[in-house]
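Student:
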Amino acid sequence: MPSPRRAALILVLLALLVLLSIVLALLVGSLQVTPAELWAAVTGSASGSGGLVLELRLPRALAAFACGALLALAGALMQVLLRNPLADPYVLGISGGAGVGAMSGLFFGLSLWAVDALAFAGALLAMLTVFGLARGDGSWTQTRLLLTGVIVAAGCGALIALMLSLAEDGRVHGMLFWLMGDLGQTFIWWPAMLVLVVALLCSLPFARELNLLARGLLQAQAFGVAVGRLRFIVYVLASLATAAAVTTAGSIGFVGLVVPHLVRLAIGNDQRVLLPGAALAGGALLVLADTAARTLIAPQQLPVGVLTALIGVPVFLFLLARQPR
Amino acid sequence: MSGPYVAPLAARQLVVEVGGRRVIDGLDLNVAAGECLGILGRNGAGKSTLLTTLAGLRPPAQGEVLLAGTPYPQLNPRAAALQRGWLGQFQQDPFGASVLETALAGRHPHLGRWDWESAADGAKVREALSLLGLAGMEQRQVHTLSGGERQRLALATLLVQAPGVYLLDEPLSHLDLNHQMAVLRLFSQLAHTQGAAVVMVLHEPALAHRFCDRALLIHGDGRCVQGTADETLTAAKLSELYAYRLRQISDGDQRCFIPE
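So the sequence lines, in the order shown, correspond to chains P and Z.
In terms of the numbering used here, the numbers along the first sequence are unbroken and rise by one, the last being 1080.
In terms of the numbering used here, the numbers along the second sequence are unbroken and rise by one, the last being 465.
1) Can you grab the Cα-Cα spacing for the pair A1033(P) / G425(Z), in whole Å?
2) Just the chain P side, please: which residues come within less than 9 Å of E306(Z) by C-beta, in chain order?
3) By DSSP, does G243(Z) sit in helix, in strand, or in coil?
4) Threshold first: 4 residues or longer. Then list the alpha helix (DSSP H) segments lying entirely within the segment 892-957 of chain P, N to C.
5) Taking 8 Å as the cut-off, does the segment 382-398 of chain Z touch the segment 356-373 of chain Z (at least 3 CB pairs, one atom from each stretch)?
6) Given a threshold of 16 other Cβ atoms within 10 Å of its Cβ, counted over all protein chains shown, does G856(P) qualify as buried or as exposed?
7) Report buried or exposed for I463(Z), applying the criterion of at least 16 other Cβ atoms within 10 angstroms of its Cβ.
8) So which of P410(Z), D320(Z), Q366(Z) has the shortest CA-CA distance to L451(Z)?
9) To the nearest whole angstrom, what separates the beta carbons of L779(P) and T1063(P), a pair I think is in contact under 8 Å?
10) Can you tell me which residues form a DSSP beta bridge with F462(Z)?
11) When the Cα atoms are used, what is the spatial distance from A819(P) to R986(P)?
12) Look at L837(P) and Q897(P) and say whether their C-beta atoms are less than 7 Å apart.
13) Return the CA-CA distance between G224(Z) and A266(Z), expressed in angstroms with no decimal places.
14) Output yes if chain P places a C-beta closer than 7 Å to the C-beta of A448(Z); else output no.
15) Quick check on A969(P) - is its C-beta less than 7 Å from some C-beta in chain Z?
16) Looking at the unbroken alpha helix (DSSP H) that takes in Y845(P), where does it start and where does it end?
17) Could you tell me which of P1058(P), Q1056(P), H1016(P) sits nearest to F1073(P), measuring between CA atoms?
18) Helix, strand or coil for E343(Z)? Go by DSSP, reduced to three states.
19) Can you list the residues of chain Z that R838(P) reaches, using a CB-CB cut of under 9 Å?
20) When the cut-off is 7 Å and only beta carbons count, does G353(Z) lie next to chain P?
21) Straight-line CA distance for G852(P) to G877(P)?
22) Nearest CA to the CA of I1041(P): which residue from Q1026(P), L1065(P), I1052(P)?
23) Would you verify that the beta carbon of M206(Z) is, or is not, closer than 7 Å to some beta carbon of chain P?
24) Step through the CB atoms of chain Z and report whether any lies within less than 7 Å of the CB of G979(P).
25) What is the DSSP secondary structure of I229(Z), reduced to helix, strand or coil?
26) Judging by CA-CA distance, which residue of Y990(P), F1071(P), L1020(P) is the nearest neighbour of L707(P)?
27) Count the other C-beta atoms from every protein chain shown that fall within 10 angstroms of the C-beta of G799(P), then say buried if there are 16 or more, exposed otherwise.
28) In angstroms with no decimal places, state the Cα-to-Cα distance between E222(Z) and A237(Z).
29) Hey, how far is the Cα of Y449(Z) from the Cα of T439(Z)?
30) Hey, could you find the ends of the alpha helix (DSSP H) V778(P) is sitting in?
31) Reducing DSSP to helix, strand and coil, say where S859(P) ends up.
32) Is it right to say G352(Z) is buried, meaning 16 or more other beta carbons lie within 10 angstroms of its own, or is it exposed?
33) Smallest Cα separation from L259(Z): which of E375(Z), Q431(Z), L280(Z), A216(Z)?
34) Relative to the alpha-carbon of A702(P), which residue among T789(P), G784(P), P840(P) has its alpha-carbon at the smallest distance?
35) Of all the options G427(Z), L389(Z), L280(Z), Q294(Z), which has the alpha carbon lying nearest to the alpha carbon of L336(Z)?
36) Of all Cβ atoms in chain P, is any one closer than 7 Å to the Cβ of P314(Z)?
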């Protein structure tokens, strides 16, 4: 495990990476701005193109950061909770529930606000369903939790496919973009950021206990961890983080799976560094991916989820192949 | 010092069930400081389940387990971890970790929520690793260890935790003869010179007789036999326990049991 000084250094470096990615996101796009114009707008001494960019691109960049950070944090938490390196924020059906909610909103042509509300409600409903069913006999072991989540996710997938196949042609495009993850419709960034701050503040005090939880429930309890309470807290935090991210940006894939692994490879598995490190790295990655998504074939925009998956699949296969057994 | 003696570990009218089957029925047990107790029985007799119950990791069907006089439900997990350590049969490492990180886990109950492991904690780990023949392996990844090395790392982690009560489930598994003797010597010394209470599940009656002061034979149908090692570890009682005839050979104080 890294010493406290090294841990702080790693986190500062990652924070700088986040700052750089956001500056890049502000500079790049159909409307070119120079760093000087941007600086003038930030310091408030001039308006014009710099100010416009700040008004339009900053909320989107902040939303991208918050969602990427939430997904990576949720992924890291789920991997410890299920003690399964292949777990991701979506494995327990939360994005499926959000998807069903959002799809029904889009299916009936409701307003954007209603779609977001339905997505969040769907995510919460899936979370309660999975927890309630997995807890049925009081045990809620990892296996039971995982199986319940996978089954609920499969059911949600079927409902989503059903709505897609019945939807009017004009609405399918929007539905597909939501499912692949898209920040083009996102201008409200603060709810996701708020959930991110809360999730980090609530999970960091338990970080060392999470290190022990990875080694088995009985073993963790023998080392003095209140296992039942900890698992409940982790489940709720990871679920809320996922729900907030999915509501803001749709189901963006692979950030939650790959980023914790990348950070783990670089700095080890100490959750005290891994949790904030994964959040920062996930945020930076999604800001960069979203910048690419809106500039690669401009003026047309790509769903950012496609880009993260295209980057994520080969990276993950590579990691899987070199993972020692 | 006054007042009645309180055993570091005690069970009162303990009932343990496994899958609806009553394997322990009304067990009264005291493990004194400075004492080494061996638990023997057939596969599936409930030895491991009894041990997890004694460790407070599993609620008993009836009765109670007292740690220094306090029942487990009245102890928070951290307070319990300062007093008793438990070695499970299986060590799980789904994510990679170094030997040092793995052994430092033993310090967890001793640290506050925001504390970071100190140099003193690192020194404790190095001392424990060298006691178990793992000196110099701090930076090795756990998944590169052999089964015996992983087992000794788990034992070292327990020494780092430094409780007063040790509950060891098959501490000798995966160990070669040399390390079996070293581990038994280490824990019987912990009991006899430092006043620890040691309970271990063993499969070798001769070693149990040599290193344990008392033995608890678990028949798996609720019946338990306990007593000094000399009176419980005999050919007659062990033959009944394992449902296999054993012959006893004595050499001085030591006993050896040969399957017929």
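For every residue, glycine included, the Cβ atom is placed at its ideal position computed from N, Cα and C.
Tutor: According to the structure data:
1) 49 Å
2) M756, N966, G1023, N1024, D1025
3) strand
4) 897-921, 924-935
5) yes
6) buried
7) exposed
8) P410(Z)
9) The pair is not a contact, with the Cβ atoms about 17 Å apart (cut-off 8 Å).
10) Q453(Z)
11) 28 Å
12) yes
13) 11 Å
14) no
15) yes
16) Run containing Y845(P): none; DSSP gives neither H nor E here.
17) H1016(P)
18) coil
19) Q297, P299, F300
20) no
21) 4 Å
22) Looking at the sequence itself, residue 1041(P) is Leu, so the reference to Ile does not match. Comparing Cα-Cα distances from L1041(P) to each of Q1026(P), L1065(P), I1052(P), the minimum goes to L1065(P).
23) Confidence at M206(Z) is low in this model, with a pLDDT of 48, below 50, so its placement is unreliable and no value can be given for it.
24) yes
25) strand
26) Any property of residue 707(P) remains undetermined from this structure, which presents chain P solely from 756 to 1080.
27) exposed
28) 25 Å
29) 13 Å
30) 759-782
31) helix
32) exposed
33) A216(Z)
34) Coverage of chain P is limited to positions 756 through 1080, which leaves residue 702(P) absent and any answer about it impossible.
35) L389(Z)
36) yes
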